[in-house]
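Structure first, commentary second.
Residue numbers (the working numbering): 9 to 164.
See the structure below:
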């Protein structure tokens, strides 16, 4: 059984160095299942310089997956990020075998050529549905960060 969901797709641009695009994929309504936090990077001057990139996904203050200095490290057996996809700019996180303990805030921290950007989500797991909300804040006046967000409706 699948559900429909409305999720924001933020586009984050920091000092014209790179762009992060994020959205939530279709999610199942019954546990245990998995969810895809679809996130990607588009660099201003391709190809992406992998030695200048670091990506870290966190949940409840714990690192789940980290890419740094050319190495991918997994701290949770239920969190997956693909090194091959990362080379193409896809920094999506897949959470497998969801449980009620997986609810809460998720943060993706990206550094590229000395510039840092963050995308944040809140995963809600209820008895009969799962929702993913975007928590990425809007830019403040004077920020060097530009965020363009649009809402997408996924119907299953």
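Built from N, CA and C at the ideal position, the CB exists for glycine as well.
Keep in mind that this is a model prediction, so the values were computed, not measured.
Distance from the CA atom of residue 86 to the CA atom of residue 55, rounded to whole angstroms, is 30 Å. DSSP places residue 74 in the uninterrupted beta strand (DSSP E) bounded by 70-76.
Taking a contact as a CB-CB distance under 8 Å, the pair residue 103 and residue 43 counts as one, their CB atoms being some 5 Å apart. Collapsing the DSSP output to three states places residue 117 in a strand. With the rule of 3 Cβ pairs closer than 8 Å, the region 74-89 counts as touching the region 57-65. Assignment of beta-bridge partners to residue 140 by DSSP yields 131.
With at least 16 other beta carbons inside 10 angstroms of its own, residue 47 counts as buried. Annotated three-state conformation of residue 93 is helix, per DSSP. Cβ-Cβ separation between residue 60 and residue 106: approximately 33 Å, too far for a contact (criterion under 8 Å).
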